[in-house]
Structures are given as C-alpha cells and as structure tokens.
Amino acid sequence: MRLIGADLTEKSLRLHLEGLPGVDAVGLERRAASLAGRSIKTTSKARALDTIIRLTDLTTLEGADTPGKVRSLVAKALTPDPARPDTPRVAAVCVYGDMVPTALGALGSAHGDPDDGGVSVAAVATAFPSGRASLAVKLADTRDAVENGADEIDMVIDRGAFLAGRYGEVFEQIVAVKDACRRGDGTFASLKVILETGELATYDGIRRASWLAILAGGDFIKTSTGKVGPAATLPVTLLMLEVVRDWHRLTGERIGVKPAGGIRSAKQAIGYLVTVAETAGERWLQPHLFRFGASSLLNDVLLQRQRLLTGHYSGPDYVTMD
Amino acid sequence: MTRLAVPKTYKLYIGGRFPRSESGRSYEVTTPDGAFLANASLASRKDARDAVVAARAAVAAWSGATAYNRGQVLYRVAELLEGRAEQFAAEIRDAEGVSAAAARAQVDAAVDTWVWYAGWCDKYAQVAGSGNPVAGPFFNISVPEATGVVAIVAPQESAGASLLGLVAVVAPALVAGNAVVVIADRAHPLSAIGLAEVMATSDVPGGVVNVLTGSPAEIAPWLASHADVNALDLAGAGALDWVPLVVAAAATLKRVQDPEPGVPGWSLQRILATTETKTVWHTKALL
C-alpha cells in the first residue's frame, strides 16, 4: 500500500483519491478529438477492422433475451461474416448471468481464451445495471454466474456510495466481489469493474473511480453499462487509459480497459484503437487488455470490411441484423 | 449607406441537414458568360455514402406513411415552391442566362410537375395494381410498393431546365415512398439547393431527399455499385460512360432507368420504375 502512502484505511484512501490532480477537461477533450481525427490509410484500416472484431465483446443485455437470441449471438460471434470465413472471431459474448449455460452450450469446443483464438463468456452481475441491491445479493449474483461457468464478470460499482463520498464502501464491495469470482479450483474469473462514467458527473470523479477500482483489484475498468447516456466517450476512455498507463509505470501491472455503449461505427472504433496505442501502448491491443462492449458495432465493422474487400459499399442486407 | 453584401453559401443536403462536403472541396458556378456566380460544394464518394445511410434510415417512415398523407405532404412542397417562385426565377435567370419570362415559365412548369406527381400518391396503386384471377378460392392481389433507396443522376447541362429537370426526376421517385439521393446538374446546381431548402422547411422527413452537388462522373459509379441502393435512375447520365454503371448496378439487382435526352416528361411509368410489385394471396373462405 505504499502507493497511497499509508496503511489502507478509509481515511488514507480518501486522502489519496482526493489528492489526485484535477483533470484538464479542455486539454483532454482536445487530445481525444485530435486522436479521433487521425487519417488511417487503407492497409492499416483493414488491419484495424480485424483488430476491432478480435477485441469485441458481442453483447446482448435485454430483458427480452431468449435462449434462441443468445444462441444466434454466439453463432455470430463464431462466424461474424459467413460469406468470408477468414473473418476473425470476437473476444467474448456478454450476457446476463442466467444465460451463461446457454452461451456455453452454443459455443461448445470454441469456448476458450480469446488470446488463444477461443471465445469466452462474460456475464454481468451485482444487480446490473443499477447496482442497487444489498452486498449479499450482489455476491450471490456473482457466485451464481461464476458457478454457471462465466469466464469474466462485469460488475457495477455502487455509484450512490461513490458520489456520497463513501469510497471505502465501494472499495470493500469490489474486494468482496473479486473474492466471489474465485472458482472451485482456486482460479479467478476475470473481473471488469463498470464505473458508469455517465453518472459520475465529472472527469475528476472518473479519475478517482478508476484508481479506486484498480486499487481494489479489478482486472479491467469499464466505462459504462450501456443503459445510461452518455455511455462511452473518447475523452473518458482516454482518461481511464491514462490511469492504467500510470498504474503500469508505478507497479508494472497491466490493467485492461473496456469502453462500452455508444460505439456504433467502425470509424469511431478506429479512433479508440489509435487512442489506446498512443496512450497505453500497442501492447494493450489484445483481448486481455482492451475490449469494446458493443452490439451493433460489429455490423458496421463487417460492412466496412466488405467495402474494403469488394471495392464497393455494402449494405445492411449483407450482414445479420440482431 | 451601402449595405454589406451577404453572399449565399451553397451546401449539400443530407439527412435533413446542410453539411459542407466531407472532402472540404468546392467548385465555382458561373453564368453562361463565365462570370462568377457562387461556390458550390463538390461532393465526394463519402458524401454519397452518408447520403445513402440517411436515405435508408428515412425509407421506413416515408414509405410507411399513408398514400393520402404522402400526397398531402408533396402538395405542400408545391405550395412552398410557388411561394419562392421569385427567388427560383432570379437564380435561374442568372445561372442559365435566360430571360426573366423564360425563367418564370420554367418555375411554373416545375410546380405543375410537382403537383401532377403529388396527385398520383393515392392513385398509382389502383392503376398499376391488379386483382389476379387464380384457380382457387383465393383473392390474389398485386400492388406496387416503394423499392427503397433510389439514386438519381439529374439531367445535366440542362440549360433552360435546371429546376424543371430536377423536379421531373425527383418527384416521381417520391410518390411511392422511396428515399432519394440525387446528383444535381453540375453546371447549374443552385436551383437544386433551392429545392433542398424547400424540402427542409416542408413536411418531407429529413433524409427522404438528399441532394449532392458535384461531378456525376465521380459519384455515380459509387452509387451504382452501392449494395444499399435499390434503384438507379440514369436520366441525366447520357454524357457519361454509363454502360459500366448499368453493369455495376446489375451486380446488386438494381432497377435501372437508362439515360434520356432533355427533361423527362410526366409519366406514370417513371413512378412505377422505382416500385416493386408485391402479390398477396388471401383465402375467400373467411367471407
């Protein structure tokens, strides 16, 4: 705990988080805008599109999700573009905890570590998306998803407690959820901590929440649930990447970042790739360090990919719509 | 006191907005004598792509509106055109170098054309549709429906018809409920942007009409091969190498209309050229 300069108490945590330098909002937004505006030439674009697919968590988080819908999502994750078998697979499918067995069954032997070409299963837990439930319920929700076989858990932080300044409570909850990610064999499901940046009001708050989630043991910090606007934005993701970069310089440990929600076009997503490479480094452009949480992004990426391969613009009739 | 001149910026019309070209390019529009008149946006293939996306998004609402409602909305466009007749006539006079009377006559013809097509909205299906005789106790009904996104090359070098030529190709495509991406006359684009301003202030939803100013030779191939365009009207493409456009359009099974010289006349056929026939069977047993 040398990082926060004292033993870990609520007070020292607060002093550390509130002692973080303020964010230069204008500078951050201008930096993000300049990164988003980079000109990407054709060959680089082709590589970028495949990278985006490999880094995507294909997501369905609707109350109306049926087993059939999850199975078709998995089919799309495995073969995004049936006419072009060279299209890479996505990193993971992201579903509600009760849909994990369905997703695993549909994946079959393709289930595995995305770094080795498999597709993993991520489940949202801890009373997603609001996080308004007692800790006991959140832990039960998490354990249930892990026991069902989820490889990754996407938890939400208690934004109410965070905004009220009860950082210690948020910290303890993340630690407890991390513990609930332990499987029977002693390994852990990867934990993604959703900050829901759209509800944190300020860039300073987002920087604090990022530090808090990393200090508490999150493997990934994720921007949003996708249920609250604004969801992921480039400045917010840039800010979180800066925290991850600083953490790596201090400790040598690499934390992942996952922007989720609101990334719909391949062009936007390429802006994110540029931002990752320029901020944390190209090393981060692999499935265990960077993900896109998206449902419709994949379709646009496939359309742009078809455009590059065929030389003419494609249309929504040529991809499977969800 | 002399007033400061307020020159007009002529931009594109895409998705109900007036953006500049994505490429940042523009070109000079001149009078027939070569005098400078205005700068117009020189649309790129990416503007065409954006226009198709906007048009696709607009198809459902426009083709889903009742035929009667579409007729009313299009008739209101004619009202607005009439209200701006002086402005259109002045622009046409400057751009085409014709007399004031000839310019005004062209505006009148354009309004008449628009009204003629507006009237067809709730009538063309009765004329072109049919109840088909079948060997069984079924109703078998065929009705024409909008095909979707229609890309149009408006009549080019249309001295004497820069507004009329545009209206004569855009109006028929709107009747059935298609959304339109039209490449305006490169030499005389001012009336096209004037028409776009009328569209923007009418009840026609944004994205139903998208106007690109620029070079048809540059943009049309991208629209012809675009997989999300359902029909291609090459009315003004006679001066282009247009056969490859037809070949490209065939790859994605587009309806294609060949180039025609001059301004296309009023015709039901132009409406039907951008429709698909839907045939439904329904049992008579429930009567």
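Those protein sequences? They're chains A and B, same order as listed. Taking the numbering used here, the leading residue of the first sequence gets 75, the next gets one more, and so forth. Taking the numbering used here, the leading residue of the second sequence gets 963, the next gets one more, and so forth. Note that beta-carbon positions come from the ideal geometry of N, C-alpha and C, so glycine has one too. It should be emphasised that the depicted structure is a prediction, and the values quoted were computed from it without experimental measurement.
In chain B, what lies closer than 8 Å to D391(A) by C-beta? Within 8 Å Cβ-Cβ: A1189 and D1190.
For W1184(B) and chain A, any beta-carbon pair shorter than 8 Å? By the rule that beta-carbons nearer than 8 Å mark a contact, W1184(B) touches chain A.
Against chain E: residues of the stretch 1006-1024 of chain B by CB proximity under 9 Å: Within the model displayed, chain E is absent; protein chains A and B are what it includes.
For K332(A), report the span of its beta strand (DSSP E) as first-last. K332(A) -> beta strand (DSSP E) spans G330 to K332.
Just mark P156(A) as buried or exposed, buried being the case when its beta carbon has 16 or more other beta carbons within 10 Å. The residue is exposed, with fewer than 16 neighbouring Cβ atoms inside 10 Å.
Apart from the five residues just before and just after W321(A), which ones in its own chain have a Cβ nearer than 7 Å to its Cβ? Excluding sequence neighbours, W321(A) sits near I288, E327 and I329.
I'd like to know if Y387(A) contacts chain B, where contact means its C-beta is closer than 8 Å to some C-beta of that chain. Any Cβ of chain B closer than 8 Å to the Cβ of Y387(A) would place that residue at the interface, and such an atom is present.
Do you know offhand how far R250(A)'s Cα is from I231(A)'s? Correcting the residue type first, residue 250(A) is Ala in the shown sequence and not Arg. The alpha-carbon atoms of A250(A) and I231(A) are separated by roughly 12 Å.
Tell me the rounded alpha-carbon separation between L1152(B) and A1158(B). Rounded to whole angstroms, the gap between the alpha carbons of L1152(B) and A1158(B) is 10 Å.
Opening and closing residue of the alpha helix (DSSP H) in which I1181(B) lies: Where I1181(B) is concerned, the enclosing alpha helix (DSSP H) stretches over P1178 to S1187.
Option nearest H1188(B) by Cα separation, candidates D1012(B), A997(B) and E984(B): Among D1012(B), A997(B) and E984(B), the Cα nearest to that of H1188(B) belongs to D1012(B).
Using the rule of at least 16 other Cβ atoms within 10 Å of the residue's Cβ for burial, across every protein chain shown, is R104(A) buried or exposed? The residue in question, R104(A), is exposed, as its Cβ has fewer than 16 Cβ neighbours within 10 Å.
Evaluate P1206(B) with the Cβ neighbour count: other Cβ atoms within 10 Å of its Cβ, from every protein chain shown; 16 or more gives buried, anything less gives exposed. Exposed, since its Cβ has fewer than 16 Cβ neighbours within 10 Å.
Can you give me the C-alpha to C-alpha distance between A207(A) and D215(A), rounded to a whole angstrom? Approximately 10 Å between the Cα atoms of the pair.
Taking its Cβ as the centre, do 16 or more other Cβ atoms sit within 10 Å of R357(A), making it buried, or is it exposed? Its Cβ having fewer than 16 others within 10 Å, R357(A) is exposed.
Where D228(A) falls: helix, strand or coil (DSSP): In the structure shown, D228(A) sits in a strand (DSSP, three-state: E or B).
With 16 as the cutoff for other CB atoms within 10 Å, does R76(A) come out buried or exposed? Note that R76(A) has pLDDT 49, beneath the 50 cutoff, so the model's placement of it is unreliable and no number is given.
Coil, strand or helix - F236(A) by DSSP: In this structure, DSSP gives F236(A) a helical state, which the three-state scheme calls helix.
Under the rule that 16 or more other beta-carbon atoms within 10 Å means buried, what is N1094(B), buried or exposed? Burial call: exposed.
Determine the closest residue to G1176(B) out of V1077(B), I1233(B) and V1143(B), with distance taken between C-alpha atoms. By alpha-carbon distance to G1176(B), the top candidate from V1077(B), I1233(B) and V1143(B) is V1143(B).
Kindly give me the distance between the Cβ atoms of I227(A) and A290(A), rounded to whole angstroms, as I take these residues to be in contact under 8 Å. Contact between I227(A) and A290(A) is ruled out by a C-beta separation of about 14 Å, above the 8 Å threshold.
Taking L209(A) as the reference, give the member of V195(A), G385(A), M229(A) and D225(A) with the closest Cα. Answer by Cα proximity: M229(A).
Can you name, in chain order, every residue of its own chain whose Cβ lies under 6 Å from the Cβ of I1103(B), other than the five neighbours on each side? Only G1093 and V1242 meet the Cβ criterion.
Determine, using beta-carbon pairs with one atom in the stretch 995-1007 of chain B and one in the stretch 367-377 of chain A, whether at least three such pairs fall under 8 Å. Flag = no, the stretch 995-1007 of chain B and the stretch 367-377 of chain A do not touch.
Let me know if P1134(B) comes out buried or exposed under the rule of 16 or more other beta-carbons within 10 Å of its beta-carbon. P1134(B) is buried by the Cβ-count criterion.
So is H1244(B) buried or exposed if we call it buried at 16+ other beta carbons inside 10 Å? Classification for H1244(B): exposed.
Which of helix, strand or coil does DSSP assign to G367(A)? Note: G367(A) maps to strand in three-state DSSP.
Hey, would you say the C-beta of C168(A) is under 7 Å away from at least one heavy atom of the ligand ZN? Within the structure as shown, the ligand ZN is missing, as the structure has no ligands at all.
Boundaries of the beta strand (DSSP E) in which E1238(B) is found, first to last residue: It spans T1237 to T1245 - the beta strand (DSSP E) in which E1238(B) sits, taken as one unbroken run.
Other residues of its chain near A1016(B): CB distance less than 7 Å, five sequence neighbours each side excluded: If the five residues before and after A1016(B) are omitted, its C-beta is found closer than 7 Å to the C-beta atoms of I976, G977, G1169 and N1172, all from its own chain and listed in chain order.
Cβ neighbours of Y972(B) in the same chain (closer than 6 Å, five flanking residues each side left out): Excluding positions up to five away in sequence, the list reads A1000, A1002 and I1155.
With 16 as the cutoff for other CB atoms within 10 Å, does D131(A) come out buried or exposed? Counting Cβ neighbours within 10 Å, D131(A) comes out buried, since at least 16 surround it.
Where does R1253(B) fall in DSSP's three states? Given a span of 963 to 1249 for chain B in the structure shown, any question on residue 1253(B) remains unanswerable.
C-beta contact flag for L1194(B) and A1186(B) at 8 Å: In this structure, A1186(B) lies closer than 8 Å to L1194(B) by Cβ.
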